[in-house]
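Notes to accompany the following structure.
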Amino acid sequence: MSEKSDIQGLSRRGLLAGLGATAATTLAAGAAAMPSAEVKSWDITTDVLIAGSGAAGISAALEASAAGAKVLVIESLLKPGGSSALSGGVIYAGGGTSLQRSLNIKDSPEAMYNFIVSAGGVHQQEDKIQLYCEQSVDHFDWLFDQGVPYLQKFTKAKGLPMGDESLYFSGNELAWPAREQATPAPRGHVPGVPGMNGGRALMEALLRTAEAQGVRMQVLTSGERLIVESDGRVAGMLVNVNGVRKSIRARRGIVLACGGFIHNREMLQRYAPKLYDCSVPWASAGDLGAGINMGIAVGAEALRMHEGFAIAPIYPPENVISGIVVNASGQRFVSEESYHAVMGNSIAYHQGGKAWLITDNRSSYQFKQDNFLAVAKGNSIGDVANQLGLPKGALQNTVAYYNRYAQNGTDPMFQKSRDFLRPLQGPPYKAWDLSVDQAFFASHTFGGLHTRTSGQVVNSFGENIPGLFAAGRNTAGLPVAPYIASGISVGDCTFFGRQAGKSVAGKGVSA
Amino acid sequence: MTAACRLILSCLLLLPGATVVIAQEPESPSSAMPAGDPARGRLLFAACRTCHYAEKYIGHNNGPNLHRIFGKVAGKQAGFDYYSEQFKQAEFVWTPEFMYAWLENPQKMFPESLMMSLGVPDPQQRADLIAFLQQASVRSADPEPETQ
Numbered sequence: 003m004s005e006k007s008d009i010q011g012l013s014r015r016g017l018l019a020g021l022g023a024t025a026a027t028t029l030a031a032g033a034a035a036m037p038s039a040e041v042k043s044w045d046i047t048t049d050v051l052i053a054g055s056g057a058a059g060i061s062a063a064l065e066a067s068a069a070g071a072k073v074l075v076i077e078s079l080l081k082p083g084g085s086s087a088l089s090g091g092v093i094y095a096g097g098g099t100s101l102q103r104s105l106n107i108k109d110s111p112e113a114m115y116n117f118i119v120s121a122g123g124v125h126q127q128e129d130k131i132q133l134y135c136e137q138s139v140d141h142f143d144w145l146f147d148q149g150v151p152y153l154q155k156f157t158k159a160k161g162l163p164m165g166d167e168s169l170y171f172s173g174n175e176l177a178w179p180a181r182e183q184a185t186p187a188p189r190g191h192v193p194g195v196p197g198m199n200g201g202r203a204l205m206e207a208l209l210r211t212a213e214a215q216g217v218r219m220q221v222l223t224s225g226e227r228l229i230v231e232s233d234g235r236v237a238g239m240l241v242n243v244n245g246v247r248k249s250i251r252a253r254r255g256i257v258l259a260c261g262g263f264i265h266n267r268e269m270l271q272r273y274a275p276k277l278y279d280c281s282v283p284w285a286s287a288g289d290l291g292a293g294i295n296m297g298i299a300v301g302a303e304a305l306r307m308h309e310g311f312a313i314a315p316i317y318p319p320e321n322v323i324s325g326i327v328v329n330a331s332g333q334r335f336v337s338e339e340s341y342h343a344v345m346g347n348s349i350a351y352h353q354g355g356k357a358w359l360i361t362d363n364r365s366s367y368q369f370k371q372d373n374f375l376a377v378a379k380g381n382s383i384g385d386v387a388n389q390l391g392l393p394k395g396a397l398q399n400t401v402a403y404y405n406r407y408a409q410n411g412t413d414p415m416f417q418k419s420r421d422f423l424r425p426l427q428g429p430p431y432k433a434w435d436l437s438v439d440q441a442f443f444a445s446h447t448f449g450g451l452h453t454r455t456s457g458q459v460v461n462s463f464g465e466n467i468p469g470l471f472a473a474g475r476n477t478a479g480l481p482v483a484p485y486i487a488s489g490i491s492v493g494d495c496t497f498f499g500r501q502a503g504k505s506v507a508g509k510g511v512s513a
Numbered sequence: 004m005t006a007a008c009r010l011i012l013s014c015l016l017l018l019p020g021a022t023v024v025i026a027q028e029p030e031s032p033s034s035a036m037p038a039g040d041p042a043r044g045r046l047l048f049a050a051c052r053t054c055h056y057a058e059k060y061i062g063h064n065n066g067p068n069l070h071r072i073f074g075k076v077a078g079k080q081a082g083f084d085y086y087s088e089q090f091k092q093a094e095f096v097w098t099p100e101f102m103y104a105w106l107e108n109p110q111k112m113f114p115e116s117l118m119m120s121l122g123v124p125d126p127q128q129r130a131d132l133i134a135f136l137q138q139a140s141v142r143s144a145d146p147e148p149e150t151q
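Given below as structure tokens:
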């Protein structure tokens with residue numbers, strides 16, 4: 003085939019008929035595979051095409067180009083970096099990384115594996131978890147070698163470090179029951195930059211290295227459909243460049259790394275109704291599900307599409323953790339010190355989306371915040387319960403039971419740590435609304451294409467789709483519901499992005 | 004009128020919807036903006052917090068801090084190094100009405116903007132968001148005591 007464009011021909015021959023009159027934002031829902039026979043000539047040819055420039059796409063690009071492939075990355079937005087660049091930039095790493103060792107922190111791949119398997123959701127892809135944990139030490143060194151800036155500093159504070167510390171407990175390791183199921187260790191590795199800009203620092207480093215390595219980047223270019231040979235092999239992609247359709251041929255294969263679908267509201271409502279009800283979609287503008295839909299259209303299996311990250315970040319400040327969180331029956335259901343996404347998952351998926359934080363004078367928010375509104379206030383727990391309309395006596399029972407044991411430093415129900423455990427006593431008592439539609443309840447999606455540890459995309463019959471790889475939130479990976487630690491998502495993006503990059507370039511990967 | 008200012012106005016005039024009203028009624032652009040409800044805007048603004056905070060003490064994030072944003076010339080805040088050229092060169096002052104027009108489709112008005120947002124196409128939601136930001140952006144520079 004010639005490299006010369008014949009976009010007009012392409013458009014006439016069924017593209018518009020197939021896509022109908024749908025606008026670009028909803029086009030993914032109507033995407034289907036395009037036979038390569040319909041491509042008269044390819045506009046662009048490369049060895050490896052990567053759709054998406056977040057942590058997954060760029061990690062794939064770095065490995066594919068290091069393996070000698072000519073790599074083109076396309077990005078739908080003007081600025082590369084994806085949602086990874088807006089994230090905290092945390093990488094969940096352990097087993098004795100160079101940073102952990104330099105700070106005299108003991109960890110093992112087994113402890114890390116046990117934590118992810120026991121604290122996370124049921125029926126996870128354990129082969130991915132195992133490989134991720136086994137190779138975590140090397141993976142962190144690789145990130146460091148790409149120029150990601152880490153500092154030899156650890157903090158005990160809960161939550162993403164606001165200082166320049168690079169290591170912290172980023173998840174649920176210290177909360178019960180996780181702390182009894184796996185030996186805790188701080189595994190949140192975050193670029194050593196102040197504030198919440200770790201993702202930007204991470205992506206600046208990866209993008210800089212990719213550019214130096216000769217990876218080509220084309221922005222404002224969105225994938226629309228995969229182009230498939232008659233034998234089922236994925237040969238290329240039809241893309242949209244400022245409203246003009248072009249065909250890109252990828253000789254060795256394609257990596258889909260287009261992110262999740264939290265901003266595609268219709269798709270979200272269909273696949274992940276619980277996430278649809280959460281108040282705040284949390285991602286960059288490109289998370290529209292285009293890569294997932296392109297994959298499904300060529301027969302890829304999609305997994306865990308209803309799962310996601312749903313957070314109610316009640317702390318900081320840490321004083322509020324000595325309050326209690328109750329559901330619409332006035333009962334506790336989770337340890338208040340749990341990682342934000344563990345608590346959020348309980349509320350969104352298991353408590354009908356409704357919950358309140360009950361505080362006394364000491365555990366109340368002391369400073370103005372917009373995340374959670376006080377919806378009841380009274381001089382007794384009964385006053386608050388009445389205002390909330392809870393079942394008669396339920397909250398009073400909960401508090402009496404909680405206080406009876408808390409005064410002796412125990413929490414039989416959820417084993418809250420003693421640091422945060424004391425009886426709830428001292429008016430005014432307040433109830434802060436943690437409901438999914440009333441609280442700051444940030445969410446994004448975890449469901450996506452089924453991939454092997456190599457990044458190879460699998461179809462609904464369990465067979466590989468030749469030429470098609472995927473990584474990051476375009477896939478179902480390590481992050482599942484409940485999400486148990488910051489850094490598992492971007493960690494999965496970088497690690498399995500690398501796997502996909504090596505595989506698509508034809509380099510063998512450990513699996 | 005400077006060249007940059009003309010550029011921005013010409014961009015505005017090309018916009019459908021709200022900006023058409025601006026073109027028709029230059030004397031009272033606020034008539035295009037429905038009355039906003041800050042209570043409804045609270046959680047609409049929350050999505051912006053992937054990048055922007057209105058509290059001065061939090062400082063710049065992926066996007067510039069929005070403390071006292073209304074009345075400031077766009078693209079000039081000290082300590083924020085990530086403005087697009089278009090915003091660095093801009094000479095307009097942020098007003099609620101201008102932000103209302105912009106947020107309908109941010110990339111359409113300023114194609115070089117590095118704000119990776121789909122905007123807020125719904126007029127009432129946009130007005131609510133801005134009403135909230137008008138309140139939240141003028142709090143004191145330090146954390147304020149909780150009053151709820």
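Listed in order, the protein sequences are those of chains R and G. Residue numbers in the first sequence follow my numbering, run continuously in steps of one, and reach 513 at the last position. Residue numbers in the second sequence follow my numbering, run continuously in steps of one, and reach 151 at the last position. We put the beta carbon where it would ideally sit given N, CA and C, even for glycine.
query: Proximity to R/P275 [Cα-Cα], best of R/G310, R/T223, R/F471; result: R/G310
query: Distance between beta carbons of R/C280 and R/A312, contact taken as under 8 angstroms; result: 5 angstroms
query: 8 angstroms Cβ cutoff, R/N199 in contact with chain G; result: yes
query: Beta-carbon neighbours of R/L80, restricted to chain G and to distances below 9 angstroms; result: S87, Q110, P114, E115, S116, L117, M119
query: Residues of its chain near R/S2, where Cβ-Cβ distance is below 7 angstroms and the 5 sequence neighbours each way are ignored; result: Outside the displayed range of chain R (3 to 513) lies residue 2 of chain R, so it cannot be described from this structure.
query: Chain R residues whose Cβ lies nearer than 8 angstroms to that of G/G62; result: G197
query: C-alpha distance - R/E182 paired with G/G74, whole-angstrom precision; result: 55 angstroms
query: Reduced DSSP category for G/L15 - H, G, I as helix; E, B as strand; rest coil; result: Low local confidence applies: a pLDDT of 39 at G/L15 is under 50, so the model's placement there is unreliable, with the coordinate-based value given in what follows. Looking at G/L15 - three-state DSSP - the assignment turns out to be helix.
query: Minimum Cβ-Cβ distance from G/N68 to chain R less than 8 angstroms; result: no
query: Best match in R/N266, R/I298, R/W178 for proximity to R/V460 [C-alpha to C-alpha]; result: R/I298
query: Distance between beta carbons of G/P146 and G/Y60, contact taken as under 8 angstroms; result: 6 angstroms
query: Candidates R/P163, R/G165, R/L162, R/L169: closest to R/F156 by CA position; result: R/L169
query: Other residues of its chain near G/G62: CB distance less than 6 angstroms, five sequence neighbours each side excluded; result: N68
query: Beta-carbon proximity of R/G479 to R/A57, cut-off 8 angstroms; result: no
query: Any chain R beta carbon closer than 8 angstroms to G/E147; result: yes
query: Contact the region 159–168 of chain R vs the region 185–200 of chain R: 3+ CB pairs below 8 angstroms; result: yes
query: Neighbourhood of R/Y94 by C-beta, 6 angstroms cutoff - its chain only, sequence neighbours within 5 removed; result: R189, A487, G489, I490, G493
query: Assigned secondary structure, R/I9 (DSSP; H/G/I helix, E/B strand, else coil); result: With a pLDDT of 33 at R/I9, under the threshold of 50, the predicted position of this residue should be treated as unreliable, though the coordinate-derived value follows. The answer is helix: DSSP assigns R/I9 an H, G or I state.
query: First through last residue of the beta strand (DSSP E) which encompasses R/S254; result: According to the sequence provided, residue 254 of chain R is Arg. The question's Ser does not apply to it. That run of the beta strand (DSSP E) goes 246–258.
query: Through-space distance from G/Q89 to G/P109, alpha-carbon basis; result: 13 angstroms
query: Coil, strand or helix - R/R334 by DSSP; result: strand
query: Interface residues of the region 355–372 of chain R facing chain G [CB-CB below 8 angstroms]; result: S366, Y367, Q368, F369, K370, Q371, D372
query: Beta-bridge partners of G/V76, as assigned by DSSP; result: G/V96
query: Contact the region 41–54 of chain R vs the region 430–444 of chain R: 3+ CB pairs below 8 angstroms; result: no
query: Per-residue DSSP class, three states only, for G/P41; result: helix
query: Euclidean distance between Cα positions of R/A23 and G/S143; result: Bear in mind that a pLDDT of 34 at R/A23, under 50, signals an unreliable position, so the number given afterwards is only what the model happens to contain. The straight-line gap from Cα to Cα measures roughly 50 angstroms.
query: Buried or exposed (CB count within 10 angstroms, at least 16 for buried), R/Q154; result: exposed
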